[in-house]
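>
Residue numbers (our numbering): 302 to 447.
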């Protein structure tokens, strides 16, 4: 099966609910890969959320390339970035000076000598939340069927 165009895999509700049950955010949240609002909608019950995306999935402000931004839109970033761009998203959040940033990524993202040297030796994660059951991440054009 081929990858979804632009790596659009909406976040399961249980993932963002679990994060919001365990993490507090002081100030607004920026969701820079908001897709269809799967993170932004539930997070907006806790904080003001600024939702942007490069593509138009019918939610938030489209046409905004997070990797080209020069201004931090909120002190906190919470997103499920396109996996192939995940490290660049993290580096951009650090460059912009985000106070707190949370990333929904496969656990295997933490592996690898090159990523350790280029990212984690300088910027270690303060916490890693692991789900006890594997999350099913559906393609953007698929619907869960039970």
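Note that CB positions come from ideal geometry on N, CA and C, so glycine has one too.
Using 8 Å as the threshold, is the C-beta distance between residue 399 and residue 376 below it?
Result yes, Cβ atoms of residue 399 and residue 376 sit closer than 8 Å.
> Tell me which residues share the same chain as residue 393 and place their Cβ nearer than 8 Å to its Cβ, disregarding the 5 neighbours each side in the sequence.
Closer than 8 Å at the Cβ level, and outside the excluded window around residue 393, lie 367, 368 and 370.
> One question on the structure: do residue 337 and residue 360 come within less than 8 Å of each other, judged by their Cβ atoms?
In contact: residue 337 and residue 360 (Cβ atoms closer than 8 Å).
> Of all the alpha helix (DSSP H) runs that stay within the bounds of the segment 304 to 351, which reach a length of 4 or more residues?
Within the segment 304 to 351, the complete alpha helix (DSSP H) runs of at least 4 residues are 314 to 323 and 341 to 344.
> Pick out whichever of 418, 419 and 403 has its Cα sitting closest to the Cα of residue 430.
Nearest of 418, 419 and 403 to residue 430, Cα basis: 403.
> Comparing C-alpha positions only, which one of 389, 401, 396 and 397 sits nearest to residue 410?
Per the Cα distances, 389.
> Counting along the chain, where does the alpha helix (DSSP H) carrying residue 393 start and finish?
From DSSP, the alpha helix (DSSP H) with residue 393 extends over 387 to 397.
> Here's a check: name, in chain order, each residue in its chain whose Cβ is nearer than 6 Å to the Cβ of residue 358, leaving out the five neighbours to either side.
Within the same chain, residue 358 has close Cβ partners 336 and 337.
> Between the alpha carbons of residue 345 and residue 321, how many angstroms are there, rounded?
For residue 345 and residue 321, the distance between alpha carbons rounds to 10 Å.
> Have a look at the DSSP bridge pairing and note the partners of residue 404.
Residue 404 pairs with 380.
> My output table needs one value for residue 409: the three-state DSSP class, helix, strand or coil.
Helix, per DSSP.
> May I ask you to report which of helix, strand or coil DSSP gives residue 371?
In this structure, residue 371 counts as coil in the three-state DSSP scheme.
> With burial defined as no fewer than 16 other Cβ atoms inside 10 Å of the residue's Cβ, what is the status of residue 381: buried or exposed?
Result: buried.
> Could you tell me the distance, in whole angstroms, from the CA atom of residue 364 to the CA atom of residue 374?
Looking at the two C-alpha atoms, the distance is approximately 15 Å.
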